[in-house]
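Report on the structure given below.
Residue numbers (the numbering used here): 658 to 728.
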């Protein structure tokens, strides 16, 4: 009798973890589709808004620095 309650609890925990994983994965994929990470064009626009004239070398340096930071 007691082992049945434990078994049901463990199965419910496993099912909840699996369901939660897939829901979180779907949410993150849709979030990244709506809000993509910063790319070179966005970086160029931000620099121009801050009053800087971005060169391709400077943009590449900043993209490399951002990529290193995320790893």
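The beta-carbon is built from N, C-alpha and C at its ideal position, and this holds for glycine as well.
It should be emphasised that the depicted structure is a prediction, and the values quoted were computed from it without experimental measurement.
{"Check": "CA nearest to the CA of residue 713, picked from 672, 707, 698, 724", "Outcome": "698"}
{"Check": "Simplified DSSP assignment, three categories, for residue 631", "Outcome": "Because the chain is modelled from 658 through 728, residue 631 falls outside the range shown and cannot be assessed."}
{"Check": "Through-space distance from residue 696 to residue 717, alpha-carbon basis", "Outcome": "10 Å"}
{"Check": "Complete alpha helix (DSSP H) runs within the segment 682-723 (minimum length 4 residues, chain order)", "Outcome": "697-706"}
{"Check": "Straight-line gap, residue 711 to residue 724 (C-alpha atoms, nearest Å)", "Outcome": "18 Å"}
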